[in-house]
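So for the sequence shown, the working numbering puts the first residue at 1476; every next one is plus one. Ideal placement from N, C-alpha and C gives every residue a C-beta, glycine not left out. This structure is a prediction, so every number in the text was calculated from the model and none was measured. Only one structure is covered here, and it is reproduced in the block below.
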Amino acid sequence: MAGSINLTEPRDEPLALSDVKDYLRLDDQVDDSLVRSLIIAARTWCEEYTGRAFVTRDVQMFLDGISEADIPLFEGTRTGPYLTHYKNFIELDVSPVQSVTVVDLFDDADNQSVWDPTNYFLDRIRDVARIVLRDGGVFPTDLRRANGIAITYKAGYGDYPTDTPEAIRVAMLQFITHLYEHRGDDEGRDLNPPAMIKTLLQPYRIMRYGVSPFGTRYAAGIR
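Structure, rendered in structure tokens:
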């Protein structure tokens, strides 16, 4: 996989400024600009940690190509014929997925075309959504060596802040409080998020071999 980018940023943050100020017990407007920045920083960190998008945005995921065979790890001895397990799906790297907008293809001359949607359907039942090849469908071929496939889709729990699960919103409040109370601290102190934040987020975390799935996802507006 080559990586993903945000084509649009969420219309709203999962937490309103007023909600965070009430939680921090701030009565004036002196730190409003700082608190807004901390909301964005907390949301970004929590999204990276969980592998999710909280509020709806458009994401574009790039693939260099699709491997025809997904051969599992061979262990021990086997009897019978050697079988090749053919891969019939593409996992999307940001959850949850609402819909797939378009799958663009690029050949070696950078000519762009659209992969016919009759070849596939979107499986949203799995927590990690995937594009599944239909019976009779075929994967695209004759692609350029890098970024030959661009999948554009909508990700996020919904358009409104309250669509984000409450446990995630509480984790963000805890993280913002931690950042606010330790603002200006020197590098000698441990500013890692408290364990409570990771505990709240753990049920929503998508593990991908210990590596962040996003790549360059936060280069918003690039197309």
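{"Asked": "Asparagine 1536, enclosing beta strand (DSSP E) - first and last residue", "Found": "It should be pointed out that residue 1536 corresponds to methionine in this sequence rather than to asparagine. Where methionine 1536 is concerned, the enclosing beta strand (DSSP E) stretches over 1532 to 1538."}
{"Asked": "Endpoints, beta strand (DSSP E) assigned at aspartate 1644", "Found": "The question names aspartate, yet the displayed sequence has arginine at residue 1644. Run containing arginine 1644: none in the beta strand (DSSP E); it sits in the alpha helix (DSSP H), 1641 to 1656."}
{"Asked": "Same chain only: Cβ atoms within 7 angstroms of valine 1645, ignoring 5 sequence neighbours per side", "Found": "Leu1675"}
{"Asked": "Supposed contact pair glycine 1612 and asparagine 1594 - C-beta distance, whole angstroms, cut 8 angstroms", "Found": "4 angstroms"}
{"Asked": "CA nearest to the CA of arginine 1658, picked from Gln1504, Leu1509 and Cys1521", "Found": "Leu1509"}
{"Asked": "Beta-carbon contacts of arginine 1532 that lie in its chain and below 7 angstroms, excluding the five residues immediately before and after", "Found": "Asn1481, Thr1483, Glu1484, Pro1485, Ala1630 and Gly1631"}
{"Asked": "For proline 1669 and valine 1490, believed in contact at Cβ under 8 angstroms, the rounded distance", "Found": "Sequence inspection shows leucine at residue 1490; the valine mentioned does not correspond to that position. Leucine 1490 to proline 1669, Cβ: 18 angstroms. No contact."}
{"Asked": "Same chain only: Cβ atoms within 7 angstroms of aspartate 1751, ignoring 5 sequence neighbours per side", "Found": "Residue 1751 is absent from the structure shown; the chain starts at 1476 and stops at 1698."}
{"Asked": "Span of the alpha helix (DSSP H), counted from its first residue to its last, around alanine 1670", "Found": "1670 to 1676"}
{"Asked": "Of the listed residues Asp1539, Tyr1524 and Asp1634, nearest to phenylalanine 1614 (C-alpha basis)", "Found": "Asp1539"}
{"Asked": "Cα-Cα separation, tyrosine 1679 to threonine 1525", "Found": "6 angstroms"}
{"Asked": "Bridge partners - serine 1479, DSSP secondary structure assignment", "Found": "Met1536"}
{"Asked": "For isoleucine 1606: DSSP bridge partner residues", "Found": "Ile1565 and Leu1597"}
{"Asked": "Closest Cα partner of glutamine 1649 within the set Arg1619, Ser1479, Asp1487 and Asp1494", "Found": "Asp1494"}
{"Asked": "Same chain only: Cβ atoms within 6 angstroms of glutamine 1573, ignoring 5 sequence neighbours per side", "Found": "Lys1629"}
{"Asked": "One or two residues paired with arginine 1619 in a DSSP bridge", "Found": "None, per the DSSP bridge assignment."}
{"Asked": "As assigned by DSSP and simplified to three states, the class of threonine 1559", "Found": "Because the pLDDT at threonine 1559 is just 49, under 50, the model does not fix this residue reliably, and the value given afterwards should be weighed accordingly. Here threonine 1559 sits in coil by DSSP."}
{"Asked": "Under the three-state DSSP convention, the category leucine 1492 falls into", "Found": "helix"}
{"Asked": "Three-state secondary structure (DSSP) of valine 1486", "Found": "Looking at the sequence shown, residue 1486 is not valine but arginine. Three-state result, arginine 1486: coil."}
{"Asked": "Segment contact, 8 angstroms Cβ cut-off, at least three pairs: the region 1496 to 1512 with the region 1596 to 1607", "Found": "no"}
{"Asked": "Coarse secondary structure for alanine 1517, derived from DSSP in three states", "Found": "helix"}
{"Asked": "Alpha carbon of asparagine 1586 to alpha carbon of arginine 1620, nearest angstrom", "Found": "13 angstroms"}
{"Asked": "Methionine 1647 burial status per 10 Å Cβ neighbour count (16 or more: buried)", "Found": "buried"}
{"Asked": "For valine 1505, the first and last residue of its enclosing beta strand (DSSP E)", "Found": "No beta strand (DSSP E) holds valine 1505; DSSP gives it neither H nor E."}
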